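Asker: Every letter in the sequence shown is one number past the one before it in our numbering, and letter 483, counting from 1, is 502.
We put the beta carbon where it would ideally sit given N, CA and C, even for glycine.
Predicted, not measured: the structure shown is a model, and the values here were computed from it.
Please read through the structure below; I'll follow up with questions.
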Amino acid sequence: MVKLSERKNIISRFTEWLDENFGFTKTILRPAPEYSLRNPSYWLGAIAVIAFFTAGIAGIILLQYYEPHPDTAWESVSRIITEVPYGNLIRNIHIYSAFSMIFVTFLHFMRNYFVVAYKRPRELMWIVGMLMGLATLMMGFTGYLLPWYALSYAAVGFGITIVKHLPQPLSGFLEYIISGYGTDVELLRRFYTFHTVLLPAVIIILLAIKLHIFEVHGITEPLSKDIPEEEKKLIPWFPNIFFYFVILVCVYLASILTASIIYPFGIHEKYIPGVVTIPMPEWYFMWTYAIAKTEFIEVLGETGFKIFIATLVIITLIFVFLPFIDKWKDKHPSQRPFFIAIGVWIVVQIFLMTYLAWVTAGSYIPSDVAILSIVIPTIIIFLAAYIYQLKLVKPPELVWEKFSKLKITKLEKRSPHPKEYIWTSLKFLLTMMCAGLSFRIIYGSLTKSLGFGWLIFGLALLTFSTIESFKVIYVADLKTGNVGRRLRSFERWVGVG
């Protein structure tokens, strides 16, 4: 039986032999702090890279049997499943790796957002990462069409419809790049080229740029300042990080292999020209599909679709250039509750919209359901962020102190004129009438007796009447001090008073 000391000696000799032949210790790759090996979130990007190359290797094997033509694409996939040795296993490894790459990329994006990994000097690294994420989504989009399923063809048709609603000449240019002259043969061949050549090349180039920036600046420092000194010591890339990465690869491959064997993917119906199929994008695009098939977007027609596209483009651009938009200096989450709330809101909305798209397959999402799915989480999340800010951030001035400095407090130093009582009463009555009217308009919009435009007007009127009501109540407070007492009670309840 080999003793533990002898076993360690064998491992040491093996690592020395590897280093002697490959020169790992002379590499330019920088060492990493020990705490990065204790926190899996630091390795989400590495897992995404592992998934990319795993999907790529499996995809190269599948290419030997796949035929990129509308007449034979589905049949070639069927032969891979039924006739090629281990063909279905390789296909499942490819699909699971692609799905895990997209999912882990999203986790990596949200993690970097929450820990503010886009601040100087990592602005360019964030932008390159965002471009890699978009290229990853396009890899999934183009690969979805290749089996030539009826579902995938309908989903791609929905995507091309989005492109058609972009402003000219961008719309015509992108439509030609994607589908050529509009034939199925041209469409499939272009998607095949994008999926197997162009997009992988783009991702590899961007990955090389990002790795270079990463080696220059290193990993993002943790937000917590309480990390023990022994965990901050640098670990050499070889053999520590190298073997950690090897273990990560083995665990990932074991997980993908297990999923591919236990839960294999089937084959969907072949696309037949002329047969109408309900569009069903893959899970990572379902949330966009849910927004596009809400009733109020459909009612607005082309205008609604353009609003939907413009919203997606604006949100994407905001996140791409977030390093130049976010000027908040403090990085700790307790000092950034509203930035954290935005991130939580995005995650919640993506899950909610994906669920709505799934349960309403083949039909439109009712406007009232869509609006409530957006409004209710928004109120809960941002109200929680506001209370959290009051409890932990502790603004320098209490709400009542701000109110006490308003010019309106001059009313307390004199006896109000009787006309002021009358005017204040009339103004309050008018405000309550506006509030009641706004509720009636909103109710009518949700019950479909009024249009979507009336809903927007009703929400605006409700906001206006709420603000005016608070102003009237404050003016009517006069010398009673009731408003001040209630504000101070609220501040004590949330822990700032």
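For the alpha helix (DSSP H) that Met299 lies in, which residues bound it at each end?
Answerer: Met299 -> no alpha helix (DSSP H), and no H or E assigned at all.
Asker: Would you say Thr124 lies against chain C (beta-carbon separation less than 8 Å)?
Answerer: Of the chains in the structure shown, none is chain C; there is only one protein chain.
Asker: Counting pairs of Cβ atoms below 8 Å between the segment 354–371 and the segment 132–149, do you hit three or more?
Answerer: yes
Asker: Judging by CA-CA distance, which residue of Phe338, Met120, Ala403 and Thr91 is the nearest neighbour of Ala65?
Answerer: Met120
Asker: If you measure between the beta carbons of Leu267 and Ile112, is that distance less than 8 Å?
Answerer: no
Asker: Write down the C-beta distance between Met149 and Val339 rounded to the nearest angstrom, noting that I regard them as a contact closer than 8 Å.
Answerer: 5 Å
Asker: Going by the CB atoms, is the gap between Tyr290 and Trp473 shorter than 8 Å?
Answerer: The Cβ-Cβ distance between Trp473 and Tyr290 does not fall below 8 Å.
Asker: Taking Gly162 as the reference, give the member of Ile390, Arg110, Gly201 and Lys138 with the closest Cα.
Answerer: Arg110
Asker: Decide if the segment 388–398 is in contact with the segment 369–378; the criterion is three or more beta carbon pairs, one per stretch, under 8 Å apart.
Answerer: yes
Asker: Using DSSP with H/G/I as helix, E/B as strand and the rest coil, what is Ile29?
Answerer: Helix at Ile29.
Asker: Taking Ala403 as the reference, which of Ala376, Phe261 and Ala360 has the closest Cα?
Answerer: Ala360
Asker: Given Phe71, which residues of its chain have a CB within under 6 Å of its CB, disregarding the five upstream and five downstream residues?
Answerer: Met120
Asker: Kindly indicate the opening and closing residues of the alpha helix (DSSP H) around Ala404.
Answerer: Ser386 to Tyr407
Asker: From the DSSP secondary-structure annotation, give me the bridge partner or partners of Ala136.
Answerer: DSSP lists no partner for Ala136.
Asker: Can the beta-carbon of Ala169 be found closer than 8 Å to that of His88?
Answerer: no
Asker: DSSP three-state label for Pro52, please.
Answerer: strand
Asker: Could you please give the first and the last residue of the uninterrupted alpha helix (DSSP H) stretch that includes Phe340?
Answerer: Segment: none, Phe340 is in no alpha helix (DSSP H) and carries neither H nor E.
Asker: Can you have a look at Thr335 and say buried or exposed, based on whether 16 or more other CB atoms are within 10 angstroms of its CB?
Answerer: Thr335 sits exposed, since fewer than 16 C-beta atoms from the chains shown fall within 10 Å of its C-beta.
Asker: Measure the Cβ-Cβ separation of Ala329 and Leu207 and say whether it is below 8 Å.
Answerer: no
Asker: Taking contact to mean 3 or more Cβ pairs, one atom from each stretch, closer than 8 Å, check whether the segment 28–36 and the segment 234–241 are in contact.
Answerer: no
Asker: With Leu156 and Phe210 assumed to form a contact (beta carbons below 8 Å), what rounded beta-carbon distance in angstroms separates them?
Answerer: That belief does not hold up - the Cβ atoms of Leu156 and Phe210 are roughly 14 Å apart, past 8 Å.
Asker: Note down the Cα distance separating Ile79 from Gly323, rounded to an integer number of angstroms.
Answerer: 41 Å
Asker: Tell me the residue span of the alpha helix (DSSP H) that contains Pro219.
Answerer: Leu218 to His236
Asker: Between the Cα of Gly455 and those of Leu480, Lys446 and Ile179, spot the shortest distance and give me the residue it belongs to.
Answerer: Leu480
Asker: Kindly indicate which three-state DSSP category Thr124 falls into: helix, strand or coil?
Answerer: helix
Asker: Tell me where the alpha helix (DSSP H) around Gln354 begins and ends.
Answerer: Unbroken run through Gln354: none, as it is neither H nor E.
Asker: What does a CB cutoff of less than 6 Å around Ala136 pick up in its chain, not counting 5 residues either side in sequence?
Answerer: Thr239
Asker: Once DSSP output is grouped into helix, strand and coil, what is the label at Thr34?
Answerer: helix
Asker: For the putative contact between Ala117 and Gly159, defined by C-beta atoms under 8 Å, what is the C-beta separation to the nearest angstrom?
Answerer: 6 Å
Asker: Just grab the DSSP bridge partners of Tyr383 for me.
Answerer: DSSP output for Tyr383 lists no bridge partner at all.
Asker: Determine the direct distance from the alpha carbon of Ala227 to that of Arg139, and round the result to whole angstroms.
Answerer: 20 Å
Asker: What's the gap between the Cα of Ile475 and the Cα of Phe483?
Answerer: 12 Å
Asker: Do the CB positions of Arg95 and Glu86 come within less than 8 Å of each other?
Answerer: A quick correction: the sequence has Ser, not Arg, at residue 95. Cβ atoms of Ser95 and Glu86: closer than 8 Å.
Asker: Going by the beta-carbon positions, is the gap between Pro356 and Tyr407 smaller than 8 Å?
Answerer: yes
Asker: How long is the line joining the alpha carbons of Ala154 and Leu193, rounded to whole angstroms?
Answerer: Those two C-alpha atoms are separated by around 15 Å.
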